[in-house]
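Taking this note's numbering, the leading residue of the sequence shown gets 920, the next gets one more, and so forth.
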Amino acid sequence: MQESEEEGTLAEMADEASITISAHEKDVFCLDLFGDRWLASGGEDDRALLFDLTVNGMLPHLIHIIPPD
């Protein structure tokens with residue numbers, strides 16, 4: 920596949936997210952789920968966030984932010 924074809928394909932990708940987490944100020948790069956309770960995320964804003972999934976059903980409840988140095 921040529922570079923121009925790859926760029927076109929990426930631009931056409933649909934967002935099929937069932938929920939969104941807007942606690943980060945920039946893009947999220949990674950998510951990790953610990954059991955069925957804890958969700959950790961890290962992003963371009965250099966912050967790590969920890970969510971408790973048991974507070975509001977499966978809606979993430981922010982409980983801790985680790986700010987950048």
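Note that CB positions come from ideal geometry on N, CA and C, so glycine has one too.
Since the model is a prediction, treat every value here as computed from it, not as a measurement.
Shortest Cα-Cα distance from residue 975 to any of 946, 957, 947 and 934 involves 957. Residue 967 has 961 and 985 as its beta-bridge partners, per DSSP. Nearest in C-alpha terms to residue 948, of all of 933, 981 and 960, is 960. Take residue 986, set aside five residues on each side of it, and the residues of its chain with a beta-carbon closer than 7 Å to its own are 966, in chain order. For residue 951, the uninterrupted beta strand (DSSP E) run begins and ends at 947–953, by DSSP.
In the displayed model, residue 939 falls within coil according to three-state DSSP, outside both helix and strand.
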